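Participant: Numbering (the working numbering), first residue to last: 22 to 305. I have a structure here, written as structure tokens, and I will follow up with some questions on it.
Below is the structure:
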């Protein structure tokens, strides 16, 4: 079943970077074994509670990224919640299954994800245990209940993450931000934290290889990622957008997307000029 709200991305296998440097098969196999080991160890962390759980999970997600061969590079604040205990809606673009690992590597939060992620081997169980809110994009009638659940979590002081495009894009191209889930921030009266995810190589060159697009199977995408050499995930954490700056969810979505596009343009300019990967202050 499809409907007008169903997100669609034109990105497919033709968008993928085929020229990115790779490691040998033994190194790739070692990464797969390391990632599987880290995943299994992470199940025990779910038994922790409070601040100890958040600290341990944050480090675990970073170690998991490293096991897959990626390094995280955070620009901006090192947490999404500017005020501890106050809810915040964390809004990011969507490129890869690595997105969630990078976001939780900054601060473990509740995420909104499509329903089929729940069935992923091992990783799906970990994501579910992190109190992920699953969204059935094919059943529009369930959307108001999902928005109400998000608003309740935000009122309770949670940081909740959504991918505003609704589906994955290659990272060089991006989609419009869907306004529906922004209603939760308006209903709860909490700020929105825009986040921009960018994938590049160690020399600063943008790459689309990690993108999870088209008819990709998860296994195929993982194999492609562990073969990459020098993968870096840039996480740009922008300033909070305070409640009251937009009256409707459409206005709020447009405001957040404008903020994100400023950073996207800035990173593209840096890549074009072949600058180093040293973090810089982004004017916004």
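Even for Gly, the Cβ is constructed at its ideal location relative to N, Cα and C. Being a predicted model, the structure only gives us computed values, none of them experimental.
#1: Within 10 angstroms of its Cβ, does residue 279 collect 16 or more other Cβ (buried), or is it exposed?
#2: Using a 10 Å radius around the Cβ and a threshold of 16 neighbouring Cβ atoms, would you call residue 254 buried or exposed?
#3: Who are the near neighbours of residue 86 in its chain, counting only those whose CB is closer than 8 Å to its CB and skipping five residues on each side?
#4: Out of 132, 186 and 193, which one is the CA nearest neighbour of residue 175?
#5: Taking just the CA atoms, how far does residue 236 sit from residue 216?
#6: What's the call for residue 192, buried or exposed, on a 16-neighbour Cβ count within 10 Å?
#7: So, does the CB of residue 216 fall closer than 8 Å to a CB anywhere in chain C?
#8: In angstroms, rounded to a whole number, what distance separates the CA positions of residue 239 and residue 42?
#9: Per DSSP, what kind of secondary structure is residue 215 in: helix, strand or coil?
#10: In this structure, how does DSSP classify residue 113 when only helix, strand and coil are distinguished?
#11: What residues in its chain sit with their C-beta under 6 Å from that of residue 53, if we drop five residues either side in the sequence?
#12: What three-state label does DSSP hand residue 94 in the structure shown?
#13: Who are the Cβ neighbours of residue 200 in its own chain at under 6 Å, not counting the five residues just before and after it?
#14: Would you decide whether residue 83 is buried or exposed? Buried here means 16 or more other CB atoms lie within 10 Å of its CB.
#15: Opposite residue 131 in the DSSP bridges: which residues?
#16: For residue 262, collect the residues of the same chain with a Cβ closer than 8 Å to its Cβ; drop the 5 residues on either side in sequence, then sort them by chain order.
#17: Examine the Cβ distances between the segment 100 to 109 and the segment 179 to 188 and report whether three or more of them are shorter than 8 Å.
#18: Taking just the CA atoms, how far does residue 44 sit from residue 301?
#19: List the residues that DSSP assigns as beta-bridge partners of residue 154.
#20: Cα-Cα, which of 259, 233 and 226 is closest to residue 251?
#21: Around the C-beta of residue 260, are 16 or more other C-beta atoms found within 10 angstroms, so that it is buried, or is it exposed?
#22: State the Cα-Cα distance for the pair residue 30 and residue 189, rounded to the nearest angstrom.
#23: With DSSP as the reference, label residue 43 as helix, strand or coil.
Facilitator: Well, looking at it:
#1: As a first step, residue 279 is located in the chain shown; it is residue number 258 there, counting from the start. Exposed, since its Cβ has fewer than 16 Cβ neighbours within 10 Å.
#2: If you number the chain shown from 1, residue 254 lands on position 233. Answer is buried; the Cβ neighbour count reaches 16.
#3: Stepping through the chain shown from its first residue, residue 86 is reached at position 65. 92, 93, 119, 122, 123, 126 and 254, listed in sequence order.
#4: Here residue 175 refers to the residue found at position 154 when the chain shown is read from its first residue. Looking at the Cα atoms, 132 is the closest of the given residues.
#5: Numbered from its first residue, the chain shown carries residue 216 at position 195. Numbered from its first residue, the chain shown carries residue 236 at position 215. Their backbone Cα atoms lie some 26 Å apart in a straight line.
#6: The sequence position of residue 192 within the chain shown is 171, counting from 1. Classification for residue 192: buried.
#7: The chain inventory of the structure shown lacks chain C, comprising one protein chain alone.
#8: Taking the first residue of the chain shown as 1, we reach residue 239 at position 218. Taking the first residue of the chain shown as 1, we reach residue 42 at position 21. For residue 239 and residue 42, the distance between alpha carbons rounds to 21 Å.
#9: Position 194 of the chain shown, counted from the first residue, corresponds to residue 215. Residue state, collapsed to three classes: strand.
#10: Mapped onto the chain shown, residue 113 falls at position 92. Strand at residue 113.
#11: For the purposes of this step, residue 53 is taken as the residue at position 32 of the chain shown. Around residue 53: 247.
#12: By 1-based counting over the chain shown, the position of residue 94 is 73. Looking at residue 94 - three-state DSSP - the assignment turns out to be strand.
#13: One-based indexing of the chain shown puts residue 200 at position 179. Excluding positions up to five away in sequence, the list reads 270, 271 and 274.
#14: Residue 83 sits at position 62 when you count from the first residue of the chain shown. Counting Cβ neighbours within 10 Å, residue 83 comes out buried, since at least 16 surround it.
#15: As a position in the chain shown, residue 131 is number 110, starting the count at 1. Residue pairing by DSSP puts residue 131 in a beta bridge opposite 181.
#16: Against the chain shown, residue 262 aligns to sequence position 241. So the qualifying residues of the chain are 212, 213, 214, 215, 273, 276, 277 and 280.
#17: Segments in contact, yes.
#18: On the chain shown, position 280 is the one that residue 301 refers to. On the chain shown, position 23 is the one that residue 44 refers to. Unreliable placement is indicated for residue 301, whose pLDDT of 35 sits below 50; no coordinate value is reported for it.
#19: Here residue 154 corresponds to residue number 133 of the chain shown, with the count starting at 1. According to DSSP, which records beta bridges pairwise, residue 154 is partnered with 133.
#20: Counting from 1 along the chain shown, the entry for residue 251 is found at position 230. Checking every option, the nearest Cα to that of residue 251 belongs to 226.
#21: Working through the chain shown from its first residue, we reach residue 260 at position 239. It counts as exposed.
#22: By one-based count along the chain shown, residue 30 stands at place 9. By one-based count along the chain shown, residue 189 stands at place 168. Computed Cα separation, rounded: 7 Å.
#23: As a position in the chain shown, residue 43 is number 22, starting the count at 1. Correct three-state label for residue 43: strand.
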